[in-house]
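Remarks on the structure that follows.
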Amino acid sequence: FRRTPATSMDAVFFFRKESHHWNTTALTPFQLLATLQSLRQVHTFTPGDTLYVDLPLYTAFGYVVELLLPLLCDLRLTIQGEGQSAERFAEGLTAGEHPLVVASPEQLAALAGLAGRHNLSGIRSVFCAELDPGNLHMARLADQGIPVFLCAGSDETASVFAINQADYSGRDIAGKPLSQEAFEPGSIGKPLPGIAIRITSISDDEVELGRDEPGTVWLSGPAVAAGPAGAWWKTPWTGWLNHRGFLFLITRCDEGNFGAA
């Protein structure tokens with residue numbers, strides 16, 4: 055971590071090693087806290103719950119999920135040591151209760167392998183990014199009563215920018231009936247509060263497209279490190295928004311296909 059000179063705004067720099075060189079993303083504390091505030095609006099974090107995770111701290115995901123989220127939401131944190139195998143990560147969930155789990159696709163596969171042999175009733179929700187929505191391990195865990203929610207994010211958006219949640223049907227604080235559609239199979243969820251998404255044609259003219267039309271995904275919002283306030287960030291993803299506002303990703307240009315085709 056570094057700090058900018060005292061004459062400018064404080065910033066946190068995240069370093070991500072790829073192809074034997076370091077990339078940097080500058081994020082202000084305001085952008086980091088904006089993501090955290092958005093997450094708290096779509097998910098109820100119960101004080102005292104245990105968050106089970108294994109994320110590199112030098113990324114926006116690690117900093118927000120491993121540091122800020124437990125600190126400001128009063129969560130207990132269980133971290134597997136860096137470099138542990140996916141199987142070791144999954145085995146750690148067989149003892150005790152870990153209501154919230156953040157897993158990679160490899161860790162999710164290992165967890166699904168244990169689901170039929172161990173009691174994993176202490177897991178309430180599993181969140182996973184960069185996973186094919188048709189992944190069979192999701193269905194296997196769902197059969198055991200363990201919901202897996204897809205999400206998507208990047209360092210440039212101070213971690214998560216869209217996430218699936220469980221549908222809600224109940225009453226609001228005034229006692230009136232309230233229903234909220236928060237889950238769509240095959241998608242990576244709705245954008246977090248404060249995040250705006252638009253889809254443009256992949257061609258050079260970048261014409262804005264309508265619902266259910268695939269193209270380049272653009273993001274804007276207080277958590278997006280895209281320059282001046284209100285600026286749009288052209289993401290490396292292609293995808294579309296459906297009529298209910300759920301985002302579907304097709305490809306990430308620099309990492310290959312991991313979304314719905």
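In the numbering used here, the protein residues as written are 55 to 315. Yeah, the Cβ is synthetic: ideal placement off N, Cα and C, and Gly gets one too. In this text the structure is predicted, and so the values were computed from the model without any measurement.
Cross-strand partners of Q234 (DSSP beta bridge): Along the sequence shown, one-based indexing puts residue 234 at 180. Paired residues: Y222.
Contacts around P110, its chain only, beta-carbon distance under 6 Å, and the 5 residues preceding and following it disregarded: If you number the sequence shown from 1, residue 110 lands on position 56. Counting only Cβ-Cβ distances below 6 Å, and skipping sequence neighbours, we find G116.
Collapsed DSSP secondary structure at G207 in the structure displayed: Here the question's residue 207 lines up with position 153 in the sequence shown. DSSP places G207 in strand when its eight states are reduced to three.
Rounded Cβ spacing between I253 and V271 (contact assumed at less than 8 Å): For this step, residue 253 is matched to residue 199 along the sequence shown. For this step, residue 271 is matched to residue 217 along the sequence shown. With a Cβ gap of about 6 Å, I253 and V271 count as contacting.
Short Cβ contact (7 Å threshold) for T132 with Y106: What you label residue 132 is simply residue 78 of the sequence shown in a count that begins at 1. What you label residue 106 is simply residue 52 of the sequence shown in a count that begins at 1. Going by C-beta atoms, T132 is nearer than 7 Å to Y106.
Euclidean distance between Cα positions of F302 and P101: Position 248 of the sequence shown, counting from 1, holds the residue named residue 302. Position 47 of the sequence shown, counting from 1, holds the residue named residue 101. Rounded to whole angstroms, F302 to P101 spans 32 Å at the Cα level.
Three-pair Cβ contact test at 8 Å for the segment 235–248 versus the segment 204–224: yes
Check whether W291 and V278 have beta carbons under 7 Å apart: For the purposes of this step, residue 291 is taken as the residue at position 237 of the sequence shown. For the purposes of this step, residue 278 is taken as the residue at position 224 of the sequence shown. No. Outside cutoff.
For E274: DSSP bridge partner residues: Sequence index remark: in the sequence shown, residue 274 carries index 220 (1-based). Looking at the sequence itself, residue 274 is Ser, so the reference to Glu does not match. Paired residue(s): A250.
Backbone CA spacing between L195 and A169 [nearest angstrom]: If you number the sequence shown from 1, residue 195 lands on position 141. If you number the sequence shown from 1, residue 169 lands on position 115. Spanning the two alpha carbons is a distance of roughly 7 Å.
E120, DSSP secondary structure in three states: For the purposes of this step, residue 120 is identified with residue 66 of the sequence shown, where counting begins at 1. Here E120 sits in helix by DSSP.
Among K230, F181 and L121, the one whose alpha carbon lies nearest that of A157: Counting from one through the sequence shown, the residue named residue 157 turns up at place 103. The residue with the shortest Cα to Cα distance from A157 is F181.
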